[in-house]
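Visitor: Note that the working numbering has the sequence shown beginning at 8, numbered continuously upward. Heads up, the beta-carbon is just placed ideally off N, CA and C, and yes, glycines get one too. There's a structure below that I have some questions on.
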Amino acid sequence: MDFILNSIGIVLLIIVIVALVVTNIRIVPQANAYVIERLGAYNGTWQVGLHFKIPLIDKVSRRVSLKEHVVDFPPQPVITKDNVTMEIDTVIYFQITDPKLYAYGVANPMAAIENLTATTLRNIIGELELDESLTSRELINTKIRLVLDEATDPWGIKINRVEVKNITPPRDIQAAMEKQMRAERERREAILIAEGEKKSAILIAEGQKEAVILEAEAAREAAIRKAEGEAEAIRLVQQATADGIRMIVEARPNKEVIALRSLESFEAAADGKATKIIVPSEIQGLAGLAASIKELVKDEALAGQEGAGPQ
Numbered sequence: 008m009d010f011i012l013n014s015i016g017i018v019l020l021i022i023v024i025v026a027l028v029v030t031n032i033r034i035v036p037q038a039n040a041y042v043i044e045r046l047g048a049y050n051g052t053w054q055v056g057l058h059f060k061i062p063l064i065d066k067v068s069r070r071v072s073l074k075e076h077v078v079d080f081p082p083q084p085v086i087t088k089d090n091v092t093m094e095i096d097t098v099i100y101f102q103i104t105d106p107k108l109y110a111y112g113v114a115n116p117m118a119a120i121e122n123l124t125a126t127t128l129r130n131i132i133g134e135l136e137l138d139e140s141l142t143s144r145e146l147i148n149t150k151i152r153l154v155l156d157e158a159t160d161p162w163g164i165k166i167n168r169v170e171v172k173n174i175t176p177p178r179d180i181q182a183a184m185e186k187q188m189r190a191e192r193e194r195r196e197a198i199l200i201a202e203g204e205k206k207s208a209i210l211i212a213e214g215q216k217e218a219v220i221l222e223a224e225a226a227r228e229a230a231i232r233k234a235e236g237e238a239e240a241i242r243l244v245q246q247a248t249a250d251g252i253r254m255i256v257e258a259r260p261n262k263e264v265i266a267l268r269s270l271e272s273f274e275a276a277a278d279g280k281a282t283k284i285i286v287p288s289e290i291q292g293l294a295g296l297a298a299s300i301k302e303l304v305k306d307e308a309l310a311g312q313e314g315a316g317p318q
């Protein structure tokens, strides 16, 4: 009986030991870290892998994710340098680099970062006017990130990025800005229309100028071609005359031929159009001879007609 009881006790003891061993085995997954305390004091940080803690002595104080975290803080009211109240909400990208500092550095890290972001944002916007605040997002992001990164370094937190998500000015300021933008767009539209009309007028004037120039060049070219044609015609006439004279000279005409040609020229000159005619002496003799021959032929013709009549 005692043997059976002892056996049962040993089995129970083994079961308890196995249960304690199994329940105190921890597997740390990827991108995580466990902060271990021994008897209430920090003992170490477990990284990725299999670990065993001493039962009832060691305790997993905090499980820390080493992934990059994104926190979207609600809008914060801020006042600009020119006393305009507006709301700005930010997005923080951070990563835990030291699990020990993160576990023991600050009681509530997220609340601390949110409050620090709000105060830093108020300080930065307080140095800027409204227009600068709306157009200087990159400057605001950089300044907030530098301040937060320096302040959160003792907490084991690395601030990777800070982004200003929305900037919401008051409604009356928004209405005034919309009117201003509408007026600016209308002004740009008017400028573009005026520039288009100006360019169109310039192009039309240049086209008319080129047309006039082309017409003048065409007229000049036509006049040149006409003059060249007339000159060529005169040259050909003169060439023909010269060729005729040369042929006459080569033929060696006698005095009778020259006199006959002179008479023909005289007949062409005395066509009734000229008012004064100077007749050379040689042609005068030929003219008298021609007139005598004409009268003689005329008398013979009359005599023939009279002889034929009485019969």
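Provide the residue(s) that pair with residue 93 in DSSP beta bridges, ordered along the chain.
Guide: Here the question's residue 93 lines up with position 86 in the sequence shown. DSSP output for residue 93 lists 85 as bridge partner(s).
Visitor: Tell me which residue opens and which closes the alpha helix (DSSP H) that residue 154 is part of.
Guide: Sequence index remark: in the sequence shown, residue 154 carries index 147 (1-based). For residue 154, the uninterrupted alpha helix (DSSP H) segment begins and ends at 144-159.
Visitor: Only counting the same chain, and skipping five residues up and downstream in sequence, which positions put a Cβ closer than 7 Å to that of residue 108?
Guide: The sequence position of residue 108 within the sequence shown is 101, counting from 1. Closer than 7 Å at Cβ, skipping near neighbours: 161, 162 and 163.
Visitor: If you reduce the DSSP assignment to three classes, tell me which class residue 113 lands in.
Guide: Counting from 1 along the sequence shown, the entry for residue 113 is found at position 106. Of the three classes helix, strand and coil, the one that applies to residue 113 here is coil, per DSSP.
Visitor: What number of angstroms, rounded off, separates the C-alpha of residue 41 from the C-alpha of residue 116?
Guide: Indexing the sequence shown from 1 puts residue 41 at position 34. Indexing the sequence shown from 1 puts residue 116 at position 109. Each residue's alpha carbon lies about 17 Å from the other.
Visitor: For the structure I just gave you, are there three or more beta carbon pairs, one from the segment 64-71 and one from the segment 127-139, closer than 8 Å?
Guide: no
Visitor: Would you mind sorting residue 152 into buried or exposed? The rule is 16 or more other CB atoms within 10 Å of its CB.
Guide: Numbered from 1 along the sequence shown, position 145 holds the residue referred to as residue 152. Result: buried.
Visitor: In whole angstroms, give me the CA-to-CA distance for residue 237 and residue 224.
Guide: In the sequence shown, residue 237 corresponds to position 230, counting from 1. In the sequence shown, residue 224 corresponds to position 217, counting from 1. About 20 Å.
Visitor: Name the DSSP bridge partner or partners of residue 103?
Guide: On the sequence shown, residue 103 is found 96 positions in, with the first residue counted as 1. Its beta-bridge partners are 164.
Visitor: Mapping DSSP to helix, strand and coil, what is residue 180?
Guide: In the sequence shown, residue 180 corresponds to position 173, counting from 1. Correct three-state label for residue 180: helix.
Visitor: For the 8 Å Cβ check, are there 3 or more pairs between the segment 173-186 and the segment 137-152?
Guide: yes
Visitor: Going along the chain, which residues of its own chain have a beta-carbon closer than 7 Å to the beta-carbon of residue 58, five neighbours each way excluded?
Guide: Position 51 of the sequence shown holds residue 58. Counting only Cβ-Cβ distances below 7 Å, and skipping sequence neighbours, we find 33 and 35.
Visitor: Which of helix, strand or coil does DSSP assign to residue 61?
Guide: Here residue 61 refers to the residue found at position 54 of the sequence shown. Looking at residue 61 - three-state DSSP - the assignment turns out to be coil, as it is neither helix nor strand.
Visitor: Could you spell out where the beta strand (DSSP E) holding residue 75 opens and where it closes?
Guide: As a first step, residue 75 must be located in the sequence shown, where it is residue number 68. Where residue 75 is concerned, the enclosing beta strand (DSSP E) starts and stops at 75-79.
Visitor: Can you grab the Cα-Cα spacing for the pair residue 214 / residue 198, in whole Å?
Guide: Looking up residue 214 in the sequence shown gives position 207. Looking up residue 198 in the sequence shown gives position 191. Approximately 24 Å between the Cα atoms of the pair.
Visitor: Taking residue 134 as part of the beta strand (DSSP E), name the residues at either end of that continuous run.
Guide: As a first step, residue 134 is located in the sequence shown; it is residue number 127 there, counting from the start. Run containing residue 134: none; DSSP gives neither H nor E here.
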